[in-house]
Amino acid sequence: MKPKPGSTIAVFGTGAVGLAAMMAGRISGCTKVIAIDIVPSRLELAKELGATDAINSKDEDAVKAIQKLTDGHGVDYAVDTTGVKKVMEDSIKALAQGGTTATIAVTDQHIDLDTWNDLCTSDRKIVGVNMGDSIPQVDIPRLIRFYKLGMFDFDKTEKFYKFDDINQANADSVSGKTIKPVLVIDDDYKPGD
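Residue numbers (my numbering): 226 to 418.
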């Protein structure tokens with residue numbers, strides 16, 4: 226997906242991948258960048274990183290909230306990073322006519338999506354994404370430039386742990402307390418060096 230300036234995007238799931246997708250949408254010039262999650266602290270972080278709106282889908286219907294935020298049109302693009310059937314379906318239902326949703330999550334479960342009519346009657350599309358559809362030789366230098374300009378602030382998504390704290394890092398990741406745990410093996414290493 227390559228959102229155009231002025232388009233709208235909803236990102237379902239605000240883990241490391243979702244926050245990166247959200248920042249990419251902002252960098253691409255999306256006028257509405259909507260973050261959807263069930264963890265309030267992650268939604269707050271999404272707002273810090275540039276989401277124009279945040280929806281806690283535990284408290285309200287995400288599709289209805291997106292429709293309200295877009296004056297009933299829906300979003301041009303959606304990204305599902307969860308692999309959860311209901312969320313995948315919501316990412317399609319939240320699309321405007323001609324919109325595209327990208328599903329990034331991989332799951333070991335068979336998922337039957339009940340979306341045929343939603344896809345066909347509104348010219349909506351669903352695409353799979355592998356490795357962010359990137360060309361590393363081109364995209365990594367671009368991401369580094371964006372990072373240096375303060376436009377791709379992934380520092381706020383990381384937390385560093387000593388290698389001895391590997392179990393705590395895993396527990397914090399599973400609970401949602403930490404977005405991206407980074408294990409430091411070299412005791413002399415200091416983040417930011």
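Each residue gets a CB set at the ideal place from its N, CA and C atoms; glycine is no exception.
Just so we're clear, the structure is a prediction, and the values are computed from it rather than from any experiment.
Problem set entry | Beta-carbon proximity of residue 347 to residue 302, cut-off 8 Å | Not a contact, by the Cβ cut-off of 8 Å.
Problem set entry | Proximity to residue 269 [Cα-Cα], best of 240, 389, 252 | For the options 240, 389, 252, the alpha carbon positioned closest to that of residue 269 is the one of 240.
Problem set entry | Option in 381, 351, 337, 361 with minimal Cα separation from residue 310 | Cα-wise, what sits closest to residue 310 is 337.
For this session: Just mark residue 256 as buried or exposed, buried being the case when its beta carbon has 16 or more other beta carbons within 10 Å.
Result: Counting Cβ neighbours within 10 Å, residue 256 comes out exposed, since fewer than 16 surround it.
Problem set entry | Buried versus exposed, by CB contacts within 10 Å (16 or more), residue 228 | With 16 or more other Cβ atoms within 10 Å, it is buried.
For this session: Taking residue 401 and residue 242 to be in contact with their CB atoms under 8 Å, please state how far apart those CB atoms are, rounded to whole angstroms.
Result: Cβ-Cβ separation between residue 401 and residue 242: approximately 14 Å, too far for a contact (criterion under 8 Å).
Problem set entry | Residue environment, residue 296, which counts as buried when at least 16 other CB atoms sit within 10 Å | Around the CB of residue 296, fewer than 16 other CB atoms lie within 10 Å, so the residue is classed as exposed.
Exercise. Any idea if residue 360 is buried or exposed, counting beta-carbon neighbours within 10 angstroms, 16 or more meaning buried?
Worked result: The residue in question, residue 360, is exposed, as its Cβ has fewer than 16 Cβ neighbours within 10 Å.
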